[in-house]
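Protein chains in written order, with the UniProt record's numbering: chain A, 1 to 267; chain B, 1 to 267.
Have a look at this one:
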């Protein structure tokens, strides 16, 4: 396979975690296509909740499904992160100028970003020094309405075209359903998922099994500078986040406690 | 199933990503058992590279495999993150006092922490306000020698017993092979994996497939305060990291650029 090289226009890599057939992926391609040549590499099936998983114990498959002027689409058996790695090392002859991931069917705000394959796809771009943005819409239905989101994605993309992105920083953009009142740059809300496993029994053997269910609990309800507050109030939320999550405050604290001197040579 | 309640001693939850049979898991149990009652819930097969994946499209299985004084072991069909969720909501009647994950067979330093199921298992504990630590040894062989590591894990655990851990902060501890010269508290090195996919062809169909290979590249070679430097010099590396990776510097920068005023209502 001949690798895809950059032509006159910016080269834009697109992935997602809902799979190559997802409506949100088509919306994202529609949004960014005016800005450059688009190459999509997306999972051939749903990869929601796959986080930054990579496939190391199985081989990966890669198939071209569409090729037209300014747009080439591949599907892969891998995760979003695998898709980006395949793109960079097997499909593209030049480093892409931008990476966009999504538009995810469903929220990836607050702590949910850690579970998201869509956000991980964007992170993988940031690992490779590519300006990368994850987009999600707060509607997880397969037939979600992306009509307001397309225009908004385009405007956020224009911001990045104009101002660039800092090295090691990725953007996580969540958009409310329907009309979007505006954009807020915010921090990730403190929150958690409270699981409620539904226990059932196999009809033949009586063996128990569990379906994970759960509901999100916002632990940051008083604050107005979070992504959750922003989305609750009808705005799109942009959370810039770093690839290096080291807590330097704790580094200093542990050093000042003298812990390094207290743990001697192992024996 | 009756839930396991806390007795007089601290309740310690243990998981990993190499699976319930892994030598590193046994080493970790040996290390922390003196400090409390231990409940292990680990994947029934290897989950390396599964990151923070959760199982939402399949049911989960959970089986008790051992019960003795001060130690109960379960295996689950899920990922490390699933295991922790099952522990908190189905197995334990009280919140555990501590969570330890590992000892991973192989490094989870620098950017590799993002791909690691072992680190994600610990993160899931931090999400639930449990002091949580991931441990890894720089030897990915199934028969790795954990004899130096056990004593070191014990000392790091004693630090946490004495000083506690800040809310929202998780510890990622990597240990070199063999003798350990001491402990250093450090930041995550900048680096990346450069993939080299090995392309092969199915014997019957001729269809191509790809095996992911790769090598780590340290992009932070001049610095002496990173986990990579520390490990290269024979020390164990403790990187404290935050669950909220928001880059507040970029939040301020984008706000000062006036981006919020420039993105109006969608239409």
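C-beta: ideal position from N, C-alpha, C; glycine also.
- Contact of residue 228 of chain B with chain A is not assigned, every C-beta pair being separated by 8 Å or more.
- Per the C-alpha coordinates, the member of A:48, A:46, A:44 and A:55 positioned closest to residue 46 of chain B is A:55.
- In this structure, DSSP gives residue 91 of chain B a helical state, which the three-state scheme calls helix.
- For residue 160 of chain A, not one C-beta of chain B is nearer than 8 Å to its own C-beta.
- Below the 7 Å Cβ cutoff, chain B contributes 260 as neighbours of residue 184 of chain A, in chain order.
- By the 16-neighbour rule on beta-carbons within 10 angstroms, residue 195 of chain A is buried.
- Considering only A:117, A:98 and A:97, the residue with the shortest C-alpha distance to residue 106 of chain A is A:117.
- Under the DSSP definition of a beta bridge, residue 170 of chain A partners with A:241.
- Under the Cβ distance rule, residue 98 of chain B does not count among the residues neighbouring chain A, no pair being separated by less than 8 Å.
- Three or more beta-carbon pairs drawn from the region 18-27 of chain B and the region 94-108 of chain B are found closer than 8 Å, and the two stretches are therefore classed as touching.
- Taking 8 Å as the upper bound for CB-CB distance, residue 249 of chain B and residue 184 of chain A are not in contact here, some 17 Å apart.
- Taken through DSSP and simplified to helix, strand or coil, residue 128 of chain A comes out as coil.
- Proximity of residue 119 of chain A to chain B, defined by a Cβ-Cβ separation below 8 Å, is not satisfied.
- Against chain B, the beta carbon of residue 210 of chain A has neighbours under 8 Å at 59, 60, 61, 62, 86 and 90, listed in chain order.
- Closer than 8 Å to the CB of residue 128 of chain A there is at least one CB belonging to chain B.
- Ranking B:234, B:120 and B:34 by CA distance to the CA of residue 224 of chain B puts B:234 first.
- Here DSSP, grouped into helix, strand and coil, assigns residue 161 of chain B to helix.
- Going by DSSP, residue 72 of chain B is part of the beta strand (DSSP E) stretching over 71-76.
- The alpha-carbon separation between residue 82 of chain A and residue 217 of chain A amounts to approximately 31 Å.
- Where residue 80 of chain A is concerned, there is no enclosing beta strand (DSSP E), although the alpha helix (DSSP H) around it starts and stops at 80-86.
- Of all residues in the region 243-258 of chain A, the ones placed with a Cβ closer than 9 Å to any Cβ belonging to chain B are 243, 244, 245, 246, 247, 248, 249, 250, 251, 252, 253, 254, 255 and 257, in chain order.
- Straight through space, the alpha carbons of residue 1 of chain B and residue 246 of chain B are spaced by roughly 40 Å.
- Annotation: residue 39 of chain A to residue 77 of chain A spans about 17 Å, alpha carbon to alpha carbon.
- One finds 52 and 54 in chain B with Cβ atoms closer than 7 Å to the Cβ of residue 115 of chain A, taken in chain order.
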